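Before any comments, here is the structure.
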Amino acid sequence: VEVDAFPRREDLEGLVADLTERFERVATQLGRAKESEVRELLRNLAGQTVDGALLGQAGTFHIPAFTRIEPYRSPDGRIEVDALGEDGERWIIEVKWRKKRVGRGELGQLIERAKQVQARPWCISQAGFTSEATAYAADHGILISDANDLAALERAAS
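Just so we're aligned: the sequence shown equals residues 13 to 170 in the working numbering.
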């Protein structure tokens, strides 16, 4: 009896499709967990002053003591963000927990959503930001943090 040394193409395609689906499911779950972690971080940082560089800002930066921090979806369903923090001041938070850096276009979309809900935007990106996105954030008052910044904020909260 002879057995082929290599699996059939159809078998490999099925395995790749299965692994891709599993990876996407786990990535989605990790993203949701990170979003929840960021909401909890904001609760823990309430009223504190932190190094502004951790939010892409100069000097020190005061974190509002939000009375409400929850995922947000507009009544018409057109705006959805990972978190909306409110205390008179409003922030919308978008978490991009992936290997690709956030670009200018994504920050442009975030600022449009922020305008619609009258909130200050904060984007958190695991992989960081393109140079164009960093410049755009500085020009438009968008708070930005990468994975290292987020870890430093978590240390400041404890």
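Glycine included, each C-beta is placed from N, C-alpha and C at the ideal position. In this text the structure is predicted, and so the values were computed from the model without any measurement.
Reference residue i, options the options, closest by Cα
i    : options                   : result
R102 : G120, E118, R90 and I75   : I75
S137 : Q130, E124, I154 and V129 : I154
W109 : D23, R44 and R21          : R44
R85  : E22, A70 and V129         : V129
L162 : A139, S143 and H152       : A139
D151 : K111, D99 and A70         : A70
R90  : R116, R20, S143 and L122  : L122
S235 : G26, R20, D23 and G117    : Nothing can be reported for residue 235: it is not among the residues displayed for the chain, which extend from 13 to 170.
N166 : L24, E49, D88 and R21     : The displayed chain sequence assigns Glu, not Asn, to residue 166. Ranking the options by Cα distance to E166, first place goes to E49.
Cut-off 7 Å between Cβ atoms - residues of its own chain near residue i, not counting five sequence neighbours on either side
i    : result
A126 : I104, R132 and P133
I81  : R51, L54, R55, A95 and G97
K112 : A139
D99  : P76, A77, F78 and T79
Span of the alpha helix (DSSP H) around residue i
i    : result
D6   : Nothing about residue 6 can be read from this structure; the chain reaches only from 13 to 170.
L119 : R116 to Q128
Residue i - containing beta strand (DSSP E), residue span
i    : result
T146 : T146 -> not in any beta strand (DSSP E); alpha helix (DSSP H) instead, spanning S143 to H152.
S86  : Here S86 belongs to no beta strand (DSSP E), and DSSP marks it neither H nor E.
R102 : R102 to K108
T61  : T61 to D63
A73  : Note that residue 73 is Phe in the sequence shown here, rather than Ala. Run containing F73: T72 to H74, per the beta strand (DSSP E) assignment.
R132 : R132 to S137
Own chain residues within Cβ distance below 8 Å of residue i, not counting five before or after
i    : result
A149 : G68, L119, C135, F141, L155 and I156
A169 : L53, N56, L57 and Q60
L24  : none
Assumed close pair residue i, residue j - CB separation to whole angstroms, cut-off 8 Å
i    : j    : result
F73  : G64  : 4 Å
V114 : A145 : 5 Å
A147 : L66  : About 18 Å; that fails the 8 Å criterion.
V107 : K46  : 5 Å
Could you tell me whether the stretch 58-66 touches the stretch 19-35, where touching means 3 or more Cβ pairs closer than 8 Å?
no
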